[in-house]
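A.B. asks: Everything in the sequence shown is counted per the working numbering, starting at 1 for the first residue and increasing by one. Before I ask anything, let me first share the structure, which is written out below as structure tokens.
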Amino acid sequence: MYRFTKKTKKIMLTFIFASIIICMILVMNFSWVSGITGHTFTNNYYTVYINGKKAGNSLNYKSIQKAIKEARRRINDESASLQFVDADIDIKKSKKVFGKTDSVSELSSSIYDEFESSVKDTKQKAYVVDIDGYIITLNSLADVEYLFNAVKNKYDDSEDFNTNLHLDDIGGHTTITCSISKAGISSVNFPTVMASGDGSDDELVENSSGNGTDTISGIDDSKDVKFGEKVEIIPCYVEPSQINELNSAINMVSADDKSAELSVVVTEKQTYDVEYSVPVEYVYNDNLYNTKQNVLNEGSAGVKTIVANVTYKNGKETNRDILQETITKQAEARVIEVGTAVPPTFIKPINGGTLSSTFGARWGTVHKGVDWACSIGTAVMASCNGTVIQAGWMNGYGYCVTLKHSDGKCTRYGHLSEVLVSEGQSVSQSDVIALSGNTGNSTGPHVHFEIIEDGVQVNPFTYLN
């Protein structure tokens, strides 16, 4: 049996006190996990605050980040739109001897409750359509397809062509392009894209039926349709107010005139007949005056069958490329005979004199020539080279001379006092053929002058130089 002396007791108390001091030092400098669930001894103790309100604690900073991420995902999963949370998140580190910690699930639930009251803005999934820099925004991929088909169908009434959307991922940036191909042919250098099967249009689904640009037997290749501008479709999230109404968007991009933002270019191979003519053929005749022409052959138009690629932009022709011409009926040239001989000229038959009567109506009758008053005995000259076909008295003309000229015209000189030529005689222009007088039906000394064409008197001033 042991007995404790005072000295022994003193030593034991000193040992116990020293042990307590050492334990306290260890607790202050090292982390210890207690046997009580959820409580710790640590100097890496994190507390997360949302908008100044405590949401929970954790020993691991990454666990808090994971909880925040899960809370955000839960906010967005519960809405068809993209939710933006405007919350003040503060994570504070501290040293704790004792403290309660939360699991990631508990932290996420608590943070979610705070996030719900902090949703500031909602953005909706949409599609930006970029038409060579002109931007419209549509609600769904189905609306994008409808827009393109509505524009195309204005110039493809029979709907022989389909619009195709192609998924294109460049550097991680997803865009969609649009092309047009014949019905029954998929123009796929890229996978074609369609709305997801449930109609939600939340995802882009590659349509595996696209199998390249193979030509399908029996498909007519005489027509091609395409958009005139480069088109890109970019999935995005926007505010609902930024989305264009579908019918309004169609009207914005598909005006009938050249101001349309999205044009449809149609190229058709056409076969048609046109009439054509050949140049006129001229036959020159030195025995015909150059004032005369005769049609020897009226000629006739020929017919060509044309094969051409005709291009229209928004229904208006912009180009016609002739591929083939076949003459089905030969044209016949029009043939015209042209005179080359210089016709005769006519001069006034006297020098001087006074114009006393012109051609035309006079005193209730028709005056068939021109009169110049002059003294008796004035020299009368041949107006043009010719042959005397009449010389002597001629009823109301009194003494008269008639000449016939090379162009078929005749000239007549009346009321003469003396005739100086005889029938059959050739005379030259300006030769004196008679002297003026006052014979026949005359009201005074003068020369009466006529030009006769095809047996009919015409106005002499038409031909006199």
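Every residue gets a Cβ at the ideal spot worked out from N, C-alpha and C, and that includes glycine. This structure is a prediction, so every number in the text was calculated from the model and none was measured.
Consult DSSP for Asp90 and reduce its assignment to one of helix, strand or coil.
C.D. replies: strand
A.B. asks: Give the range of the alpha helix (DSSP H) segment to which Leu147 is assigned.
C.D. replies: 141 to 153
A.B. asks: In terms of alpha-carbon separation, which member of Tyr272, Leu288, Asn309, Glu332 lies closest to Glu281?
C.D. replies: Glu332
A.B. asks: What separation, rounded to the nearest whole angstrom, lies between the Cα atoms of Ile350 and Val458?
C.D. replies: Per the coordinates, the alpha-carbon of Ile350 lies some 19 Å from the alpha-carbon of Val458.
A.B. asks: For my contact list, Val264 and Val335 are in at a C-beta cut-off of 8 Å; report their separation, rounded to the angstrom.
C.D. replies: Actually they do not touch by this definition, with Cβ atoms about 49 Å apart.
A.B. asks: Hey, would you say Ala308 sits closer than 9 Å to Asp321, going by beta carbons?
C.D. replies: yes
A.B. asks: Using only alpha-carbon positions, find the residue among Asn314, Tyr289, Val310, Lys329 that is nearest to Ser300.
C.D. replies: Lys329
A.B. asks: Can you confirm whether the segment 358 to 365 touches the segment 398 to 417 when touching is taken to mean that 3 or more C-beta pairs between the two stretches lie within less than 8 Å?
C.D. replies: Result no; under three Cβ-Cβ pairs closer than 8 Å.
A.B. asks: Could you tell me the distance, in whole angstroms, from the CA atom of Thr215 to the CA atom of Lys316?
C.D. replies: Because Thr215 carries a pLDDT of 35, less than 50, the predicted location of this residue cannot be relied on, and the following value inherits that uncertainty. The alpha-carbon atoms of Thr215 and Lys316 are separated by roughly 29 Å.
A.B. asks: Please go through the segment 221 to 249 and give each complete beta strand (DSSP E) segment of 3 or more residues, from N-terminal end onward.
C.D. replies: Whole beta strand (DSSP E) segments, 3+ residues: 223 to 227, 231 to 238.
A.B. asks: Going by DSSP in three states, Lys316 sits in which element: helix, strand or coil?
C.D. replies: Secondary structure of Lys316 (DSSP, three-state): strand.
A.B. asks: Under 9 Å between the Cβ atoms of Cys374 and His446?
C.D. replies: Going by C-beta atoms, Cys374 is nearer than 9 Å to His446.
A.B. asks: Starting from the N-terminal side, write out each stretch of the beta strand (DSSP E) that is 3 residues or longer and does not extend beyond the segment 266 to 323.
C.D. replies: 281 to 289, 293 to 297, 302 to 313
A.B. asks: Within this structure, are the beta carbons of Val274 and Leu262 separated by less than 9 Å?
C.D. replies: no
A.B. asks: By DSSP, does Gly396 sit in helix, in strand, or in coil?
C.D. replies: helix
A.B. asks: Could I get the ranges of all uninterrupted alpha helix (DSSP H) runs contained in the segment 55 to 82, with 4 residues as the minimum, in chain order?
C.D. replies: 61 to 77
A.B. asks: Can you tell me which residues form a DSSP beta bridge with Phe449?
C.D. replies: Val370, Tyr413
A.B. asks: Residue range of the alpha helix (DSSP H) that Ser109 falls in?
C.D. replies: 104 to 116
A.B. asks: If you draw a straight line from the alpha carbon of Ser209 to that of Asn164, how long is it in whole angstroms?
C.D. replies: Residue placement at Ser209 is poorly supported in this model, since its pLDDT is 42, which falls under 50; the coordinates still yield a value, given next. Near 12 Å, if we compare the C-alpha coordinates of Asn164 and Ser209.
A.B. asks: Does Asn44 come out as helix, strand or coil in the three-state DSSP assignment?
C.D. replies: In the structure shown, Asn44 sits in a strand (DSSP, three-state: E or B).
A.B. asks: Would you grab the beta carbon distance between Glu325 and Lys304 for me? Rounded to a whole angstrom, and I think it's under 8 Å.
C.D. replies: 5 Å
A.B. asks: If you drop the 5 nearest sequence neighbours on each side, which residues of the same chain put their C-beta closer than 7 Å to that of Asp431?
C.D. replies: Met381, Ala382
A.B. asks: For Thr271, which residues from the same chain have a beta carbon less than 6 Å from its beta carbon, with the 5 sequence-adjacent residues on both sides left out?
C.D. replies: Val307
A.B. asks: Whole-angstrom Cβ separation of Gln124 and Ile243, contact assumed at under 8 Å?
C.D. replies: 7 Å
A.B. asks: Tell me whether Trp18 sits in a helix, a strand or coil according to DSSP, three-state version.
C.D. replies: Position check: residue 18 holds Ala in this sequence, whereas Trp was assumed. Ala18 falls in the helix class under three-state DSSP.
A.B. asks: Roughly how many angstroms lie between the CA atoms of Gly392 and Val419, to the nearest whole one?
C.D. replies: 7 Å
A.B. asks: Express the C-alpha separation of Ser19 and Ile11 in angstroms, rounding to a whole number.
C.D. replies: Whole-angstrom Cα-Cα distance: 12 Å.
A.B. asks: CA-CA distance, Asn251 and Ser181?
C.D. replies: 23 Å
A.B. asks: What do you reckon, are the CB atoms on Val238 and Thr175 nearer than 9 Å?
C.D. replies: Not in contact: Val238 and Thr175 (Cβ atoms no closer than 9 Å).
A.B. asks: So the beta strand (DSSP E) Ala333 belongs to, where does it begin and stop?
C.D. replies: Counting along the chain, Ala333 falls outside any beta strand (DSSP E), and DSSP gives it neither H nor E.
A.B. asks: Please name the residue, chosen from Tyr276, Gly437, Ile75, Thr318, that lies closest to Ile327 on a Cα-to-Cα basis.
C.D. replies: Tyr276
A.B. asks: Please name the residue in Ile389, Ile451, Thr311 whose C-alpha comes closest to that of Lys368.
C.D. replies: Selected option, being the one with the closest Cα: Ile451.
A.B. asks: If I measure Cβ to Cβ from Ile36 and keep anything under 6 Å in the same chain, skipping five residues before and after, which residues do I get?
C.D. replies: Because the pLDDT at Ile36 is just 39, under 50, the model does not fix this residue reliably, and the point stays unresolved.
A.B. asks: Give every residue of the same chain whose Cβ lies closer than 7 Å to the Cβ of Tyr146, excluding the five residues on either side of it in the sequence, and list them in chain order.
C.D. replies: Leu246
A.B. asks: Excluding the five sequence neighbours on either side, which residues of its own chain have a C-beta within less than 6 Å of the C-beta of Gln390, listed in chain order?
C.D. replies: Thr402
A.B. asks: In angstroms, rounded to a whole number, what distance separates the CA positions of His448 and Tyr289?
C.D. replies: The alpha-carbon atoms of His448 and Tyr289 are separated by roughly 28 Å.
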